[in-house]
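Protein chains in written order, with the working numbering: chain E, 1 to 381; chain L, 1 to 381.
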């Protein structure tokens, strides 16, 4: 490529260090240039790039760029077609190719500072646990529980928005919360325990369903602290654990243990999935592993960082080798109309010889009794 | 156009009535076809379109389409360039043109049912006022206030996500909250009172600044009830109204009154802005009207509906004539480092001979005293 013109806010933040709306031009052998779409002084103050110019119109960028031979890279997976057409015209009909794969591969491996930022993000999930202990009671509606949850997360420092790359992604700040029949109704998605939401306009997340004693409640949420995301899921039982759930909780944790043990530099992303699937078979829970019937998601986790969902997917056919410094969310789920859903998701960093959990929230299914006391099955390891 | 292929979730919901991920093919003279990207049964159950097929790959859509002469319309303002390229290939290199203007023009005029849905959405802003009365106190941090606000809105029925069309839009569910110096630091945007946020990764919205007695706090928020948005802004004073604010509050309301009086079918969008600007001049507040110095936003409002920000902009150069059934947010702001910001935003529906306010929250700057009692300046009209 003759140059790369980066516009997506997360990519700009990663490379230039500012969250102000900017276009970043990176040309081999030349100093990078940041073009501020608004608020030049704030962009200049925050930017790691020295050269910050006012105005980011494509003609101004093209004049400044003076490109050599080769195509121009842009983020074709996220930038609107109309916008890219305007860029193509301003760059005299130059060929434009996708540079997102390159950026995402670079972002996949975190440096020590980024890992610490993600550890700090994951630490805020204590607020999830506190909110559930205080408010998970019979009679509370899913959306009321979601309200308490988002309050706690926002107070703890959650930015209030989750960064996602997909053009049609929409997710409330408190993630997807579901209970009862809503645990097995997969709606909108693309995740497997989605909830059904408040209305057809946005049919996922918390609904107005009221909790009853013995219900399971699944919470799958991202948390954005200073741009770095944690992604955790837990299942909570209202008042008492329903019959038959304890062995499923133990199986779910065992599948997660097997997946974590399979993670180390050099192995392929799909091998982690293969190990988890083999464990699900051995434990006799293959039918409910990552969904049921036709509604199964072929993955056991994914990369995570400045966006909630980053490459690589830990799933069949993904041969990306794992590298030290990658941060991965590992999320075995058992889902079936016979019992609902059991879900344990945690985030790990790949180390020189394995992986390390970023948080210390017990990897259990929790029961919250009517006094707010919480017990876990299996108990904390 | 030979046909229009609609993919953006809000447009699909508007035309087909489902929030499930679908592609909608509309061909003149033929029955529309909905292609479910996932969860066929849920899409079929909710859809107003009779013919719902499984699988939404572009080759399947192209086979089914059997298009006549003419280009294919797609939403080029929002669909990623890479996605549109794949569609172009599947449709044998057919020309693809933007159909978003067409869809947005149709969506701009609401029917009676939509107006009632928006009235219901605006009614939920009582939750804003209650949260501010209960929690606006010296010592509270902006993000703690935001946490209480989002809790109240979510309990009231807010979907938890705001639908926005811009590809790079990001907004917390409780909107932009700012106080003190943060009222006049315009960051990220694009709105004029943005707040500065918790971190450089997302530098807008509530920060960790702690409120002091005599501070002004600005809250500008959208609310999504069943897909239809309200957009309201109010300014609250902590404990007492600072000197000099009462006449600015009166001026702000008078500018809004003038703008509302200028709205009726047949007038141009820019004429509403012109009327508001003339009022600001007459009242001697032109320097702070919609910003200060170089940081001014040339508009007084915008359309609103299934997205928080819809055409037309009420601003200079926009000659779109207003029509009965349009719903508009009218938001005069006075902003200056000399006093901070005063902001009154409300939503109206254009009627046969003028417009009608959709809500009944008093159009005042409010003072919340230490007991939680609220008074308004100017008092409710």
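The C-beta atom is built at its ideal place from N, Cα and C for all residues, glycine as well.
When Cβ-Cβ separations below 8 Å define contact, residue 336/E makes no contact with chain L.
Around the CB of residue 319/E, fewer than 16 other CB atoms lie within 10 Å, so the residue is classed as exposed.
The DSSP-derived three-state label of residue 67/L is coil. Residue 94/L has a beta carbon lying at 8 Å or more from every beta carbon in chain E. In this chain, the alpha helix (DSSP H) harbouring residue 250/L covers 245-262. Residue 173/L reaches chain E at 150, 160, 172 and 173, counting residues in chain order whose Cβ is nearer than 8 Å. Burial is judged here by how many other beta carbons sit within 10 angstroms of a residue's own beta carbon; residue 77/L has at least 16 and is buried. Boundaries for residue 169/E: no beta strand (DSSP E) harbours it, and the DSSP string shows neither H nor E there.
Against chain E, the beta carbon of residue 186/L has neighbours under 9 Å at 38, 39 and 42, listed in chain order. Rounded to whole angstroms, the gap between the alpha carbons of residue 300/E and residue 192/E is 11 Å.
Using beta-carbon distances, residue 139/E does not count as an interface residue toward chain L, since no partner is under 8 Å.
Put simply, the backbone Cα of residue 137/E is about 8 Å away from that of residue 213/E. Chain-ordered listing is empty here: chain L has no CB closer than 7 Å to the CB of residue 347/E, the nearest sitting near 18 Å. Segment contact: the segment 260-272 of chain E against the segment 238-250 of chain E, fewer than three CB-CB distances shorter than 8 Å; contact not assigned.
Scanning its chain for C-beta atoms nearer than 6 Å, with the 5 sequence neighbours on each side dropped, one finds around residue 325/E the residues 109 and 110, in chain order. Taking 8 Å as the cut-off, the beta carbon of residue 184/L is found no closer than this to the beta carbon of residue 342/L.
With at least 16 other beta carbons inside 10 angstroms of its own, residue 222/E counts as buried.
Within 8 Å of the CB of residue 298/L, no CB atom of chain E is found; the nearest one sits about 14 Å away. Take the alpha-carbon of residue 194/L and the one of residue 66/L: they are about 48 Å apart. Distance from the CA of residue 153/L to the CA of residue 279/L, rounded to the nearest whole angstrom, comes to 34 Å. Taking a 10 Å sphere around the C-beta of residue 333/L, we find 16 or more other C-beta atoms and assign the residue as buried.
Flagged as an interface residue toward chain L: residue 78/E, by a C-beta distance shorter than 8 Å. Cβ contact annotation for residue 14/E (same chain, cutoff 7 Å, sequence separation greater than five): 107 and 306, in chain order.
Within chain E, the residues whose beta carbon sits less than 9 Å from that of residue 200/L are 13, 17, 18, 19, 20, 46, 226 and 227, listed in sequence order. Annotation: residue 147/E to residue 151/L spans about 4 Å, alpha carbon to alpha carbon. Beta bridge pairing from DSSP links residue 111/E with no other residue. If you check the CB distance, residue 231/L and residue 329/L come in under 8 Å. Taking a cut-off of 8 Å on C-beta distances, the segment 245-257 of chain L does not touch the segment 169-189 of chain L, as fewer than three cross pairs fall below it. Fully enclosed beta strand (DSSP E) runs of no fewer than 3 residues occupy 301-303, 310-314, 327-330, 333-336, 340-343, 346-350 and 355-357 of the segment 291-366 of chain L, in order along the chain. Every beta strand (DSSP E) stretch that sits fully inside the segment 4-90 of chain E and reaches 3 residues is listed by chain position as 22-26, 33-36, 51-54 and 72-74. Rounded to the nearest angstrom, the gap between the Cα atoms of residue 196/E and residue 134/E is 24 Å. Interface with chain L (8 Å Cβ-Cβ cutoff): residue 84/E is included. Judged by DSSP secondary structure, residue 193/E falls outside any alpha helix (DSSP H); it is assigned neither H nor E. Straight-line spacing of the CA atoms in residue 40/L and residue 61/E works out to 45 Å. Under the three-state reduction of DSSP output, residue 176/L falls in the strand class. At a cut-off of 8 Å between beta carbons, residue 155/L contacts chain E.
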